[in-house]
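See below for the structure under consideration.
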Amino acid sequence: MVTFLFKTEPGAYSFERLLAEKRAVWDGITNNAALAALRAARKGDEVLVYHTGDVKAIVGLASVLTNAYPDPNHPGLTEGGLPRTPVVDIAPIRAARSPVSLAQIKADRRFRDFALVKQSRLSVMPVPPALDKPLRQLTGL
DNA sequence: GCCAACGTTGGC
DNA sequence: GCCAACGTTGGC
Numbered sequence: 038m039v040t041f042l043f044k045t046e047p048g049a050y051s052f053e054r055l056l057a058e059k060r061a062v063w064d065g066i067t068n069n070a071a072l073a074a075l076r077a078a079r080k081g082d083e084v085l086v087y088h089t090g091d092v093k094a095i096v097g098l099a100s101v102l103t104n105a106y107p108d109p110n111h112p113g114l115t116e117g118g119l120p121r122t123p124v125v126d127i128a129p130i131r132a133a134r135s136p137v138s139l140a141q142i143k144a145d146r147r148f149r150d151f152a153l154v155k156q157s158r159l160s161v162m163p164v165p166p167a168l169d170k171p172l173r174q175l176t177g178l
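When you read off a place in the first sequence, starting at 1, and then add 37, the result is the number in our numbering.
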């Protein structure tokens with residue numbers, strides 16, 4: 038089981054909306070590094086959901102319901118048998134008891150090399166196993 | 001294939 | 001609102 042971090046601008050799609058709608062297709066990713074990360078997502082993986090913009094905090098946890106599959110809106114685009122524009126379906130698990138801000142994460146030396154800190158524009162990334170527990174402890178997820 | 005110009009994201 | 005840090009595009 039891999040934990041990912043997905044960023045979203047809450048004005049465009051919020052974790053609250055995911056809680057209300059119970060399921061979402063995570064699409065609209067265009068950046069290649071983010072697509073490569075998303076392509077590796079498998080059913081049973083989990084997702085820390087991060088709000089960008091005014092919030093800048095990890096706000097909730099979701100589960101990955103499907104393996105990465107080709108975006109139905111971009112059919113036929115494949116690369117080595119794998120979807121070039123992968124999407125996954127996710128469902129909310131729960132909101133964070135204590136959302137953890139980017140400032141907190143940046144201030145914590147354990148997260149020094151985390152892509153969230155080092156590559157501010159990356160919107161999908163795996164959470165390194167060593168950082169998964171600390172992040173869940175801080176968020177209560 | 002290189003790289004200058006331009007566009008975008010997201011933190012500040 | 002600005003701009004750093006990217007990514008993308010297109011001329012050559």
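Every residue, glycine too, gets a C-beta built ideally from N, C-alpha and C.
All values reported here derive from a predicted model rather than from experimental measurement.
Inter-residue CB distance, Val-161 and Ile-95 (contact presumed, cutoff 8 Å): Cβ-Cβ separation between Val-161 and Ile-95: approximately 14 Å, too far for a contact (criterion under 8 Å).
Outcome for Glu-46 when other beta-carbon atoms lying within 10 angstroms are tallied against a minimum of 16: It counts as exposed.
As assigned by DSSP and simplified to three states, the class of Ala-152: DSSP places Ala-152 in helix when its eight states are reduced to three.
Nearest-angstrom Cα separation, counted from Thr-122 out to His-111: When the Cα atoms are used, His-111 and Thr-122 turn out to be separated by approximately 7 Å.
Leu-55 to Val-164 span [Cα, whole Å]: Rounded to whole angstroms, Leu-55 and Val-164 show a C-alpha spacing of 21 Å.
Sequence-distant residues of its chain with Cβ nearer than 8 Å to Arg-134 (five each side left out): So the qualifying residues of the chain are Thr-176, Gly-177 and Leu-178.
Touch test, the stretch 69–82 against the stretch 141–150, Cβ-Cβ under 8 Å, three pairs minimum: The stretch 69–82 and the stretch 141–150 do not touch, with fewer than 3 CB-CB distances between them shorter than 8 Å.
Straight-line gap, Gly-81 to Lys-93 (C-alpha atoms, nearest Å): In a straight line, the C-alpha of Gly-81 is about 26 Å away from that of Lys-93.
Short Cβ contact (8 Å threshold) for Ile-130 with Trp-63: No; because the gap between Cβ atoms is not below 8 Å, this pair is not in contact.
Proximity to Leu-75 [Cα-Cα], best of Val-124, Leu-102 and Glu-53: If you compare the alpha carbons of Val-124, Leu-102 and Glu-53 with that of Leu-75, the shortest gap goes to Val-124.
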